[in-house]
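Using this note's numbering, you'd call the opening residue of the sequence shown number 8 and step up by one each time.
Working notes, structure below.
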Amino acid sequence: IVLKLTDHQDRLGTSGHRIARRTDFDAPEETEDEPEEPAEAVWRVEFGPSRDAMAAGAEPVLVIRELEDNGGRVVAVDCDSLPALRDVDPEQAYLRWTIELPGWTAESRINDAFDFVAPDSHITISRVEPSAIEAPATDARAERLDDARALIEQVTAAATVAAPALAAVPAAPPPAAADAGSQTIRVDLVKLDMLLNLVGELVIRNSILSDRLSAKDQERVELPELARLTREIQDNVMSLRAQPIKQAFSRVPRMLRDLMAETGKQVNLQTHGEMTEVDKGVIEKIGDPLTHLIRNAVDHGLESTEERLRAGKSPQGTIVLSAEQKGARIIVTVSDDGKGIDRARVRAKAIEKGIVAADAVLSDEEIDQLICAPGFSTAATISNISGRGVGMDVVRSNVEALGGRVDIASVPGKGTSFTLVLPLTLAILDGMVVRLAGQRFVLPLATVIEAIRPEPGQVSATTPGSEVIEIRGDYLPVRRLTQVFGLHANEDRPVHESLVIIVESESAGRVGLLVDTIDDRREVVIKSLEQNLHPIRGLGGATILGDGSIALILDVEALVAPAGQTRNLLRGLAA
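Set out below in structure tokens:
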């Protein structure tokens with residue numbers, strides 16, 4: 008307290024008729040004997056977050072703390088927009104701050120503090136001369152200075168801290184010149200995408216060069232070293248686009264509070280894996296799917312408090328939002344402990360809308376997928392939350408546009424789980440090039456466990472169109488990819504002349520994929536098919552191989568999906 012009061016006394020000066028803000032920010036090596044030099048100009052930052060900044064996941068306090076860590080201090084707070092206490096919304100931003108920073112602070116470091124601030128926020132950064140921030144004291148303030156001095160003298164006289172001990176405390180060293188520079192920079196996302204595309208082209212050219220050179224020539228031109236450097240560049244560029252998925256999760260709590268207020272339901276939100284990193288492009292495009300899934304979970308999934316009590320459940324429902332990385336995929340799950348999907352009602356509604364025939368035989372999985380049909384809704388009334396029939400259709404279309412898929416699992420009376428299986432990156436992957444009926448395809452290497460050449464009799468039929476392979480005492484289902492994609496293959500070719508690649512999937516566990524041969528293992532650049540073709544279930548994109556030919560990239564999760572989804576895959580290929 009004594010130190011702070013003494014500091015205030017020093018700042019008051021001897022006249023006692025003027026209050027001036029210090030603008031030197033403790034400039035180093037200044038003594039009383041030296042002539043007074045003009046104070047260095049300082050940075051003035053005016054920061055007014057947008058009204059819904061906190062709802063979007065931004066924290067204005069963290070921005071101010073970062074500026075303070077760089078030597079800044081708050082000199083003014085504008086409260087003009089602050090409403091009456093009864094009208095204050097704790098999730099709204101009403102204040103504006105004026106912060107001053109030392110003149111030696113790099114402007115780029117100030118800009119870095121606003122990296123994650125909403126673009127519609129008010130931010131001005133200007134260079135201000137000392138005279139511009141000095142203001143005369145009012146007469147009322149001057150009249151109170153004498154009382155302040157008297158209080159300071161009383162407290163100082165009663166203090167027991169020895170002056171020599173204080174003098175022995177070394178002054179804070181001036182900031183190093185190296186620290187004044189910025190450690191981070193802002194980069195336009197368009198430029199980052201351009202760099203990523205160039206790295207992809209570099210990978211393709213490296214693959215072409217590898218194909219055209221013999222093994223001896225490759226050693227002579229140090230091609231393996233070039234491949235290693237290319238991979239390092241690729242990994243670093245990919246990491247630049249990686250962001251924690253927390254950015255997509257951050258707006259869910261506010262949305263959930265609004266839904267609870269509107270429905271009167273009690274909901275507990277649990278989140279897991281918020282720091283899982285994923286490509287920024289994926290994060291930007293899963294916002295709408297997450298919004299629809301949360302709204303559906305509250306409106307359709309969770310029961311009212313009275314219904315939950317009658318069912319012997321806790322009055323408070325639970326929604327779990329989680330993310331985890333598995334191989335080259337990111338798995339985002341939204342689950343609830345509600346009443347589950349009423350399949351009889353879904354089927355009846357689908358028949359009423361003409362989505363399925365009245366005599367259609369559908370499995371539980373197929374009925375669950377009907378809720379993703381365009382225009383489908385089981386809501387009895389249209390509200391702000393649901394009833395318009397656009398929710399799950401938007402979820403599926405947005406996820407499939409990313410090269411992912413939506414899996415649905417539901418247990419009546421226990422709850423429902425929606426799983427979004429998304430690509431970890433939208434650019435490059437490690438792949439295994441395989442041949443099917445003379446055509447080349449790419450399998451993501453992250454899904455491959457092993458490849459075997461089956462012995463005669465090791466692959467056997469179970470039901471018409473279904474086969475299994477016996478591996479070390481276990482029986483695994485086998486999929487003939489030539490049949491899945493309708494390719495013309497030699498049906499008389501013995502199975503033991505082919506290869507079975509064992510892959511691991513999230514939905515079906517280990518499954519064998521029957522292919523003709525394996526050509527190579529290589530990195531491939533993912534090219535989207537959306538601009539030229541309708542989304543085809545089972546294909547995740549295309550790539551250009553070293554010889555300039557095009558190979559389709561397989562989506563393993565879709566290929567090993569249950570039988571009902573396989574029929575949908577065939578319909579998609581036929582279309």
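Backbone N, C-alpha and C fix where the C-beta goes; we use that ideal spot for every residue, glycine too.
Please read all numbers here as calculations on a predicted model, not as lab measurements.
A residue is called buried when at least 16 other Cβ atoms come within 10 angstroms of its Cβ; residue 243 does not meet this threshold and is exposed.
Residue burial is scored here from C-beta neighbours: residue 462 has fewer than 16 other C-beta atoms within 10 angstroms and is therefore classed as exposed. Counting only the Cα atoms, residue 326 lies some 43 Å from residue 466. Per the C-alpha coordinates, the member of 282, 288, 301 and 251 positioned closest to residue 275 is 301. Distance from the CA atom of residue 113 to the CA atom of residue 79, rounded to whole angstroms, is 12 Å. Cβ neighbours of residue 340 within its own chain (closer than 8 Å, five residues either side excluded): 327, 328, 329, 330, 424, 425, 426 and 427. With three or more CB-CB distances shorter than 8 Å, the region 447-462 counts as touching the region 545-559.
Residue nearest to residue 98 within the set 265, 522 and 418 is 265 (criterion: CA-CA distance).
Residue 456 counts as exposed, since fewer than 16 other C-beta atoms from the protein chains shown sit within 10 angstroms of its C-beta. Where residue 312 is concerned, the enclosing alpha helix (DSSP H) starts and stops at 312-317. Scanning 255, 382 and 536 for the CA closest to the CA of residue 282 turns up 255.
Under the three-state reduction of DSSP, residue 332 is assigned to strand.
Judged by DSSP secondary structure, residue 474 falls within the beta strand (DSSP E) whose first and last residues are 474-478. With fewer than 16 other Cβ atoms inside 10 Å of its own Cβ, residue 201 counts as exposed.
The shortest CA-to-CA distance from residue 273 to any of 291, 53, 308 and 280 is the one to 308. Nearest in C-alpha terms to residue 479, of all of 473, 471, 509 and 486, is 509. For residue 454, no alpha helix (DSSP H) run applies, since DSSP gives it neither H nor E. Taken in chain order, the whole beta strand (DSSP E) runs of length 3 or more contained in the region 339-421 are 412-418. Put simply, the backbone Cα of residue 348 is about 28 Å away from that of residue 511. Residue pairing from DSSP leaves residue 505 without any beta-bridge partner.
For residue 279, there is no enclosing alpha helix (DSSP H); the enclosing beta strand (DSSP E) covers residues 273-279. Contact between residue 526 and residue 442 holds: their C-beta atoms lie close to 6 Å from each other, under 8 Å. Under the DSSP assignment, residue 322 falls outside any beta strand (DSSP E); it carries neither an H nor an E label.
When the Cα atoms are used, residue 333 and residue 520 turn out to be separated by approximately 20 Å. Nearest to residue 279 by C-alpha distance, out of 299, 296, 252 and 292, is 252. Shown here for residue 101: same chain residues with a beta carbon closer than 6 Å to its own, the five before and five after excluded, namely 88 and 89 in chain order. Inter-residue distance for residue 381 and residue 400 is about 5 Å (C-alpha atoms, whole angstroms). The C-beta distance from residue 451 to residue 436 rounds to 6 Å, short enough to meet the 8 Å contact threshold. Rounded to whole angstroms, the separation of the alpha carbons of residue 293 and residue 299 is 10 Å. If you look at residue 260, you'll find it isn't in any beta strand (DSSP E); it sits in the alpha helix (DSSP H) that goes 259-270.
By the CB criterion at 7 Å, residue 474 and residue 485 fall inside the cutoff.
In the DSSP assignment, the residues bridged to residue 85 are 103.
Counting every other CB atom within 10 Å of its CB across the protein chains shown gives residue 431 a total of 16 or more, marking it as buried.
Residue 117 is not a Cβ neighbour of residue 54, given a cutoff of 7 Å. In the three-state scheme derived from DSSP, where H, G and I count as helix and E and B as strand, residue 283 is classed as coil. Distance from the CA atom of residue 105 to the CA atom of residue 270, rounded to whole angstroms, is 40 Å.
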